[in-house]
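Residue numbers (the numbering used here): 676 to 796. Heads up, the beta-carbon is just placed ideally off N, CA and C, and yes, glycines get one too. From a predicted model like this one, the values you see are computed outputs, not experimental measurements.
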Amino acid sequence: MPSRLIVARELADLLKLLAHPDRLRLVEELRLGEQDVTSIAAALALPATRVSQHLALLRAHRLVEERRAGRAHFYRLVQPQLASWIVDALQFVDVRNRLEEAAHIDDVRARWTAEPPEIAT
676 MPSRLIVARE LADLLKLLAH PDRLRLVEEL RLGEQDVTSI AAALALPATR
726 VSQHLALLRA HRLVEERRAG RAHFYRLVQP QLASWIVDAL QFVDVRNRLE
776 EAAHIDDVRA RWTAEPPEIA T
């Protein structure tokens, strides 16, 4: 099998995995660093069970790693640059003649590229 075909299939599998709005938002939330399921669910306004299901899929494809501390499950991106890659992809969202949607994209880009807040130690 030609190497281009192998690489194309691998990339297509990655894009399929990320092709769910909740998973895209989840990856962007994890760009802030390691977080537990409850915190992620609250930040994304999603049920914790749904967040856990998406995280399990991302973990199975080695995009996130899990750390357990007691009953809490913490997750982090294996490759944090994945979040930057998603932000870069915003330039390809077609919003011609749709100013309201363009404003939403600008808002998302600002949120997803903002520096994470300092954590007091």
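For residue j and residue i, believed in contact at Cβ under 8 Å, the rounded distance
i	j	result
Leu757	Leu738	7 Å
Val768	Ile780	6 Å
Glu709	Arg751	4 Å
Leu732	Leu699	At roughly 13 Å, the Cβ-Cβ gap does not stay under 8 Å, so Leu732 and Leu699 are not in contact.
Glu703	Trp760	Glu703 to Trp760, Cβ: 11 Å. No contact.
Ala723	Thr713	6 Å
Arg784	Leu765	5 Å
Buried or exposed by the 16-neighbour rule on C-beta atoms within 10 Å, applied to residue i
i	result
Arg706	buried
Ala716	buried
Leu701	buried
Val658	Look at the range of the chain in this structure, 676 to 796, and you will see that residue 658 is not part of it.
Val726	buried
Reduced DSSP category for residue i - H, G, I as helix; E, B as strand; rest coil
i	result
Glu740	strand
Arg773	coil
Ala789	coil
Beta-carbon contacts of residue i that lie in its chain and below 7 Å, excluding the five residues immediately before and after
i	result
Ala687	none
Cβ neighbours of residue i in the same chain (closer than 6 Å, five flanking residues each side left out)
i	result
Asp711	Ala747, Phe749
Asp697	His729
Pro677	none
Ile681	none
Neighbourhood of residue i by C-beta distance below 8 Å, restricted to the same chain and skipping five residues each side
i	result
Leu791	One detail in the question is off: residue 791 reads as Pro in this sequence, not Leu. Only Arg706, Leu707, Gly708 meet the Cβ criterion.
Arg734	Glu740, Glu741, Tyr750
_Quick check on the DSSP output: what are the complete beta strand (DSSP E) runs of length 3 or more inside the stretch 742-771, in order along the chain?_
Every unbroken stretch of the beta strand (DSSP E) spanning 3 or more residues and falling wholly within the stretch 742-771 is given here in chain order: 747-752.
*With a floor of 4 residues, list each alpha helix (DSSP H) that falls wholly inside the stretch 694-737, ordered by position along the chain.*
With a minimum length of 4 residues, the continuous alpha helix (DSSP H) runs that stay inside the stretch 694-737 are 696-705, 712-719, 723-735.
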